[in-house]
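Quick notes on the structure that follows.
Numbering (our numbering), first residue to last: 3 to 251.
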C-alpha cells in the first residue's frame, strides 16, 4: 500500500509540474553557443529592419517599390542566417538527442531535438509538500526536494525561441527514495514500452543511435543540425534503430 501511495504521489507531482517549463537564456559555455549568441546579436538589426519596413514602407514607397524593398531585406536576412549556419560547428561527441515523447513509438510520433552538452544546465532547487505545492525549504510541510537542470535545444521554434526541458531529480525527504523524470535511450531501446507516466524525457547520449549511418559525421555545421532535426522528425524517414524495432515485433 505504501508503494502504491508513493507512486501516486510521484504522478501527482509530475502532473502538477507538467506546465512549469522554463525558457531561460543559456550561459556562454561552448564554442558553438558562444559564437551563436554573438552572431544573433550581430544580425538582430536585420530583423529590426524587416519589422520597421513592414510598418513604415507604405508611407515612403508605392506598392511596386514596397515589394522590391521587402524582397531585398528578406534576401539580406537569408544570407545572414546562411552565414551563421555555416560558421558554427558542433562535435559529434558533444551532441545529444532528446525525445520529448519517450513513451511513444517513433514510428507513430517523434519530437526529437539536438542538445549541446558543452552548455551546462541552468540549476535550480525547490521543495514541495505531499500535494506537489512549492513550499519554503524551512517549511515543516516540505516532503520532496527537487533538483532541476534546465537544458536548451540547438534549434528554435517558429517564434525564434529555443525549446527547453527540465531534467529533474526528486528526493523523498521521508523515505529517502530518489527518482528522475528523464531516462537514457539507445538503439536497442529507443523508447519506453511500459507507458510510464513518471518519465517526461528520453536522452540518446550517442546520436548515432538515431541518425542513419550515412548521416553520421565527426562534426556538424549549425545548418546541418537544423536539417537533421527536420529529418529525424519526419515519420517517412528511417532511423538507425528501425531494424531493432522490427526485430522486437
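Even glycine gets a Cβ: it sits at the ideal position worked out from N, Cα and C.
Nothing here was measured: the structure is a model prediction, and the numbers come from that model.
With respect to the beta strand (DSSP E) encompassing residue i, which residues constitute its N-terminal and C-terminal limits?
i, result
"residue 156", "146-158"
"residue 165", "164-174"
How is the alpha helix (DSSP H) around residue i delimited, first residue to last?
i, result
"residue 124", "Taken as a continuous stretch (DSSP letters only), residue 124 belongs to no alpha helix (DSSP H), being part of the beta strand (DSSP E) at 124-130."
"residue 224", "224-234"
Shortest alpha-carbon distance to residue i belongs to which of the options?
i, options, result
"residue 123", "136, 99, 151, 167", "151"
"residue 130", "165, 162, 113, 172", "172"
"residue 96", "214, 107, 121, 231", "121"
"residue 103", "238, 186, 210", "186"
"residue 183", "176, 167, 177, 91", "167"
Give me the DSSP bridge partner(s) of residue i.
i, result
"residue 118", "97"
"residue 203", "184"
"residue 91", "223"
"residue 103", "According to DSSP, which records beta bridges pairwise, residue 103 is partnered with nothing at all."
For residue i, which three-state DSSP category applies?
i, result
"residue 215", "helix"
"residue 244", "helix"
"residue 239", "coil"
"residue 3", "In this prediction, residue 3 has a pLDDT of 45, which is less than 50 and means its spatial position is unreliable; nothing more can be read from the coordinates."
To which residues of the same chain is residue i closer than 6 Å at the C-beta, ignoring the five residues directly before and after it?
i, result
"residue 188", "211"
"residue 179", "none"
Within a Cβ cutoff of 8 Å, which residues of the same chain sit near residue i, ignoring the five residues on either side of it in sequence?
i, result
"residue 115", "99, 100, 102, 155, 156, 157, 165, 231"
"residue 159", "165"
Can you find the residues in the same chain that come closer than 7 Å, C-beta to C-beta, to residue i, ignoring five residues on each side of it along the sequence?
i, result
"residue 162", "none"
I want to check one thing, is the minimum distance from the CB of residue i to the heavy atoms of the ligand COA below 7 Å?
i, result
"residue 99", "Among the components modelled here there is no ligand, and therefore nothing to report on the ligand COA."
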